[in-house]
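To start, the structure under review is shown below, and the notes come after it.
Number of protein chains: 2
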Amino acid sequence: MRPTIYDVAKEAGVSIATVSNVVNNNGRVGEKTRQKVLKTMKKLDYSPSVVASALTGKKTKTIGLLIPDISNPFFADIARSIEDRGNELGFSVIICSTDNLEEKEKKYLSVLIRKSVDGIILASGVRNLTLLEELIEKKIPVALIANDIPSIPLTTVTIDDFKGGYIATKHLLSLQHTNIAIIAEHAWSNIQRINGYQQALMEENIESREEYFIKTEATIESGTKAALQLLRLEEPPSAIFACNDLLAIGVIEAARELGLDVPNDVAVVGFDNTILSRLTVPKLTSISQPIQDMGKKVFDMLLDSELTNQKTLFMPELVIRDSSGK
Amino acid sequence: MRPTIYDVAKEAGVSIATVSNVVNNNGRVGEKTRQKVLKTMKKLDYSPSVVASALTGKKTKTIGLLIPDISNPFFADIARSIEDRGNELGFSVIICSTDNLEEKEKKYLSVLIRKSVDGIILASGVRNLTLLEELIEKKIPVALIANDIPSIPLTTVTIDDFKGGYIATKHLLSLQHTNIAIIAEHAWSNIQRINGYQQALMEENIESREEYFIKTEATIESGTKAALQLLRLEEPPSAIFACNDLLAIGVIEAARELGLDVPNDVAVVGFDNTILSRLTVPKLTSISQPIQDMGKKVFDMLLDSELTNQKTLFMPELVIRDSSGK
DNA sequence: ATGAAAGCGCTAACAT
DNA sequence: ATGTTAGCGCTTTCAT
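What follows is the structure, given as structure tokens:
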């Protein structure tokens with residue numbers, strides 16, 4: 001059996017309160033006693049049980065992270081940034097890949113509650129707002145990253161998605177493109193990106209065309225399918241802004257399928273600047289999010305009740321590679 | 001406050017023991033009482049505290065997963081497969097990205113112990129074997145996936161890496177290559193792959209040359225660097241077997257840098273068949289591991305003490321794409 | 001079939 | 001400065 005605080009106390013000839021005090025650096029403990037206890041702890045290889053201490057009202061030092069899919073590189077990056085900050089702070093993170101399925105969200109959430117996590121970070125949308133409201137009602141700290149649900153006041157960390165869409169489109173515009181299509185997924189962030197795209201077009205007095213706008217899922221296949229549809233239009237776009245890298249990769253594949261050259265026949269800009277954008281041929285121009293900073297920030301906001309329901313916005317950056325032209 | 005078992009008991013007019021019994025489907029509880037309790041639980045939105053039940057000796061229903069880096073797609077896939085199985089079984093998984101740093105391994109391990117996890121799955125090597133031995137001594141279930149430490153009896157799930165190396169090389173051989181180089185990282189699995197490579201060469205009476213063998217880290221950059229070195233040899237290899245996809249991608253980049261055509265000037269075979277292998281140009285021929293099955297299996301073995309220290313071997317498969325020839 | 005009560009390992013008053 | 005003790009929410013004998 002693992003040694004308990006009693007074992008240490010007995011062996012060191014002190015009370016459990018004293019042991020507890022040295023473990024937690026609490027209160028007044030004589031230096032000699034402290035040393036003795038410390039030594040005994042080491043000798044017995046004692047490590048305090050988080051389970052027991054949590055039962056007395058202390059934190060569990062673990063948080064839950066809901067993401068659509070940990071095997072999606074963008075979300076893996078987010079997970080990593082949050083994990084890193086957690087590790088610095090002595091927190092563990094439980095991953096919950098929901099596949100954007102309401103049922104899984106529900107199940108994961110209830111498990112996290114039963115485990116008394118200290119907070120929950122949502123990197124995925126939430127289909128069932130009632131679930132979210134229940135969390136808030138239960139006073140479980142919640143924070144969102146790369147994601148927002150404007151209908152509820154929530155702690156969030158995002159980039160300025162509007163600006164992201166705007167600079168992506170401006171970039172294409174600066175390359176003399178006027179027929180710019182956009183492929184997006186169904187998410188709040190993407191709506192902002194679309195708005196940014198439209199704003200950029202508007203500033204150049206270019207009308208945004210219905211047929212240049214496709215909404216789909218965030219997968220390579222969907223990107224290919226959407227791009228195929230766009231590129232087979234009577235008047236196909238000369239540039240496509242894909243609202244995430246997976247879609248952009250799909251676009252590049254579609255172009256290859258049609259024997260079209262990227263960027264000369266179609267320019268492509270992605271979003272998120274994942275590792276994938278360095279691997280495509282041609283390399284993908286993309287909008288980057290400062291994920292490390294965002295992960296750190298969201299963790300800190302989650303834990304600091306002063307910051308509840310505040311929104312912090314990071315700035316996206318255009319990373320020019322080869323897919324958008326020379 | 002969250003309702004406790006006492007609240008339910010009082011509200012339902014029964015004892016906490018009875019509530020406990022209905023929660024756990026234990027013992028003899030009258031059907032009428034059971035219904036009443038169930039209803040009260042729902043009414044109060046009661047969910048049992050895992051923390052409290054864990055303190056009485058029950059499981060925490062959470063395990064730890066040590067991997068080098070969750071943002072590496074291969075490990076993200078492994079994490080996903082384990083998470084999925086955990087979810088089916090009602091387990092949570094805590095991710096621990098160690099970056100292969102002994103210090104981080106140590107820290108994560110001690111945190112997992114303090115949190116009384118029910119088991120630990122290692123997808124990363126372990127630099128400090130003492131740490132591992134301590135886990136075993138503490139009777140914490142440990143299992144390895146895609147990874148082995150032959151010097152200690154351990155529960156493991158791997159593919160037959162020897163065979164993986166063998167079929168990769170055989171494939172290249174069948175394409176008439178005789179100058180086949182290999183790039184590997186420092187890991188037990190890679191040693192096996194190298195052995196398989198050598199066996200295949202031997203069967204064709206080809207001597208394996210010292211200068212065709214490079215050991216390095218598993219990153220794209222290292223792959224590029226290694227490939228550059230190989231391809232600048234007086235007698236450069238006509239084929240390179242990279243022991244993982246990241247290295248293989250590096251090789252492809254090196255070839256491009258040198259203006260060499262893949263597969264005509266250099267054929268390339270990778271390993272792991274990650275999502276990345278579909279994205280390269282040309283698409284990467286790779287050896288696949290049945291990760292979903294392996295994740296499920298390792299979880300089951302971890303929990304089943306009957307299976308302790310057994311080894312299960314899955315079969316690798318050659319996935320032919322474009323990087324190895326036509 | 002149901003309840004009373006001890007105990008899991010720890011924290012936090014409250015005593016001394 | 002150190003010890004005693006009452007919980008925290010649950011499981012589990014042991015009674016009834």
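Those sequence lines, one after another, are chains P and G. Per the numbering used here: the first sequence = residues 1 to 326. Per the numbering used here: the second sequence = residues 1 to 326. Backbone N, C-alpha and C define an ideal beta-carbon position, used for all residues, glycine too. From a predicted model like this one, the values you see are computed outputs, not experimental measurements.
Taking C-beta atoms as the reference points, I240/P and V281/P fail to come closer than 8 Å. Residues of chain P whose Cβ lies closer than 8 Å to the Cβ of R80/G are, in chain order, D69, I70, S71, S97. Residue-level contact by beta carbon holds for K115/P and chain G, with a gap shorter than 8 Å. A143/G carries a strand assignment under DSSP once its states are collapsed to helix, strand and coil. Taking CB atoms only, P48/G has a neighbour in chain P less than 8 Å away.
Bridge partners of S305/P according to DSSP: none are assigned. D77/P has a beta carbon lying within less than 8 Å of a beta carbon in chain G. DSSP places S92/P in the strand class (E or B) of the three-state scheme. In the three-state reduction of the DSSP assignment, L246/G falls in the helix class.
For G119/P, DSSP records a beta bridge to I63/P.
Its chain contains no residue whose beta carbon lies nearer than 6 Å to that of K107/P once the 5 sequence neighbours on both sides are disregarded. In this structure, the CA atom of K59/G is about 23 Å from the CA atom of R28/G. In the DSSP annotation of this structure, the continuous segment of the beta strand (DSSP E) that includes K311/G starts and ends at 311 to 314.
Contact check for A248/G against A254/G fails: the beta carbons are separated by 8 Å or more. For L276/P, no pairing in a beta bridge is given by DSSP.
If you check each beta-carbon in the segment 183 to 194 of chain P against every beta-carbon of chain G, none falls closer than 9 Å. When CB distances to chain P are screened at a threshold of 7 Å, the residues of the segment 234 to 268 of chain G falling below it are I249, in chain order. Following the DSSP letters along the chain, one finds E317/P inside the beta strand (DSSP E) bounded by residues 317 to 319. When A52/P, P290/P, M301/P, D245/P are compared, the shortest CA-CA separation from T274/P is found for D245/P. Judged by DSSP in its simplified three-state form, I291/P adopts helix.
Taking C-beta atoms as the reference points, F213/G and Q192/G fail to come closer than 8 Å.
By the neighbour-count criterion, in which 16 or more other beta carbons inside 10 Å mark a residue as buried, Q35/G falls on the exposed side.
A distance below 8 Å separates the beta carbons of R127/G and E105/G.
Straight-line spacing of the CA atoms in R232/G and A181/G works out to 12 Å. Per DSSP, reduced to three states, the secondary structure at A187/G is coil, with no helix or strand assignment.
When the five nearest sequence neighbours on each side are left out, the beta carbons in the same chain lying within less than 6 Å of the beta carbon of I183/P are those of I214, A226, A242, L247, in order along the chain.
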